[in-house]
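Residue numbers (my numbering), protein chains in the order written: chain Z, 1 to 82; chain V, 83 to 471.
Ideal placement from N, C-alpha and C gives every residue a C-beta, glycine not left out.
Just so we're clear, the structure is a prediction, and the values are computed from it rather than from any experiment.
Encoded as structure tokens, the structure appears first; notes follow it.
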């Protein structure tokens, strides 16, 4: 059974680099497309079936203990040198 | 595997466990973390030395909740640990709310998690290969842990393969049953800590017309990259800039693409690495109004004029004016808030002017026309931020 909520799952995607951090000025709204894309990216990275939906398998994996470093490390991550 | 984009420039790395976990004896933690580093040194020429005090490359701490880096731990389960890539310092933090264990199916295996985190400390990102150590999810205790091929390829792409060791055979030739490690490295780091790491005080630094940044120190020079010193340096100044002596005082490349070097009472002009005429000449002839034995010089992007610094004073030189130095100069560098006296070097980089003195550097803010002294980050370590130490 899923062990984390959808809100927690969205926070998870944000924390590990799949979703842009919530913007408080826009009320923290994320489009369904963006969310689905983020879920699909996470599923692809984790080797799950790519559905773009929060399915049980996805929730279960998100509940596993893991490293706190982002999975997606791109430009803008961290502070620039010098 | 995935690379973050930074790596250490030295092969000998030091680490320190600044804060031990609450539930394990310190000597056992030492052994497990040493084993975790060995996972990576087994396949590369990296070596890891534990220190008990002083400055180190990788600092290790066991912490609970918020612990000062803005990335708080979340208690048992969830996030177990995090680590910083080389460009951000390489430190590794472990959540002390976890039940860290050794050789046990209970709790969370310290060795495995540490080996994973140290992968980040060395420049590896998360892998999407499930069997890889650098996959982000904790898989439970594995009594017969082995590093995955994916991890081996990743670490060797950063630090090269482990060198062939002479096995003592006759004539120093490895015997038929010798090691099976490859002999080539993809991008080997420096042999040892660069001289610039142990003594970062430099003579001068300048931008070339081709867009490179060069550092001169004594009779040798280095080229800098975005994250440290380029492979293959230092080289001898006299081998590349024929006719140029060592111990240069100052250098800059003007908007005509020519590079000027200053030492004592003389200066030299080069196009690239070719001397541009009959040099040296007297500073008093080519740069009337500028004193001998200057500390540093730089071309300010704001107005294209050349600024010379010596001791507590600076001069502005405009080749288009007669006289090129107005009689209101020299002025005191203390007019620019925060700029130190007796500078070693200066350079324009990405729109900012940087000043170097001793082992530290300062950033000049062109908009406020003062040093960024309000930013507590300055002065910063030149060795760390410029030389990749």
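An exposed status is given to residue 281/V, since fewer than 16 other beta-carbon atoms sit within 10 Å of its beta-carbon. Closest by C-alpha distance to residue 243/V, out of 428/V, 164/V, 388/V and 122/V, is 122/V.
Nearest CB-CB separation between residue 59/Z and chain V: not below the 8 Å threshold. Taking a beta-carbon distance threshold of 8 Å, residue 383/V does not count as an interface residue toward chain Z. Closest in C-alpha terms to residue 112/V, from the list 90/V, 168/V, 184/V and 158/V, comes 184/V.
Here residue 162/V is not bridged, per DSSP, to any residue. Nearest in C-alpha terms to residue 125/V, of all of 233/V, 167/V, 216/V and 177/V, is 233/V. When DSSP reads this structure, residue 295/V sits in a beta bridge with 289/V and 306/V. Cβ contact annotation for residue 46/Z (same chain, cutoff 7 Å, sequence separation greater than five): 61, in chain order.
Note on geometry: alpha-carbon atoms of residue 201/V and residue 364/V lie some 54 Å from one another.
When CB distances to chain Z are screened at a threshold of 8 Å, the residues of the region 182 to 200 of chain V falling below it are 190, 195, 198 and 199, in chain order. Within 7 Å of the CB of residue 45/Z, the CB atoms of chain V belong to 210, in sequence order along the chain. Relative to the Cα of residue 241/V, the nearest Cα in the group 442/V, 302/V, 166/V and 87/V belongs to 87/V. Here residue 318/V is exposed: its Cβ has fewer than 16 other Cβ atoms, across all protein chains shown, within 10 Å. By the Cβ rule, the region 325 to 342 of chain V counts as touching the region 290 to 297 of chain V, because three or more pairs are nearer than 8 Å.
Secondary structure at residue 67/Z: strand, using DSSP grouped into helix, strand and coil.
Residue 62/Z sits in a helix when the DSSP states are folded into three classes.
For residue 383/V, there is no enclosing beta strand (DSSP E), as DSSP gives it neither H nor E. For residue 95/V, the enclosing beta strand (DSSP E) starts and ends at 94 to 101.
For residue 442/V, the three-state secondary structure derived from DSSP is strand. A distance of 8 Å or more separates the beta carbons of residue 179/V and residue 173/V. At a cut-off of 8 Å between beta-carbon atoms, residue 39/Z makes no contact with chain V. In the DSSP annotation of this structure, the continuous segment of the beta strand (DSSP E) that includes residue 430/V starts and ends at 427 to 431. With its beta carbon less than 8 Å from one in chain Z, residue 159/V belongs to the interface.
The beta-carbon distance between residue 163/V and residue 195/V, rounded to whole angstroms, is 5 Å. This is short enough to meet the 8 Å contact definition. The continuous alpha helix (DSSP H) containing residue 280/V extends over residues 277 to 280.
Judged by beta-carbon spacing, residue 192/V lies beyond the 8 Å limit of residue 168/V, meaning their Cβ atoms are not closer than that value. By the neighbour-count definition (other C-beta atoms within 10 Å, threshold 16), residue 392/V is a buried residue.
Per DSSP, reduced to three states, the secondary structure at residue 151/V is coil, with no helix or strand assignment.
Here residue 373/V has 392 as same chain residues with Cβ atoms under 6 Å from its own Cβ, once five neighbours each way along the sequence are excluded. Exclusion of the five residues before and after residue 386/V leaves 337 as the residues of its chain whose Cβ lies within less than 7 Å of its Cβ.
Across the set 368/V, 369/V, 375/V and 398/V, the C-alpha of 398/V shows the shortest separation from the C-alpha of residue 382/V.
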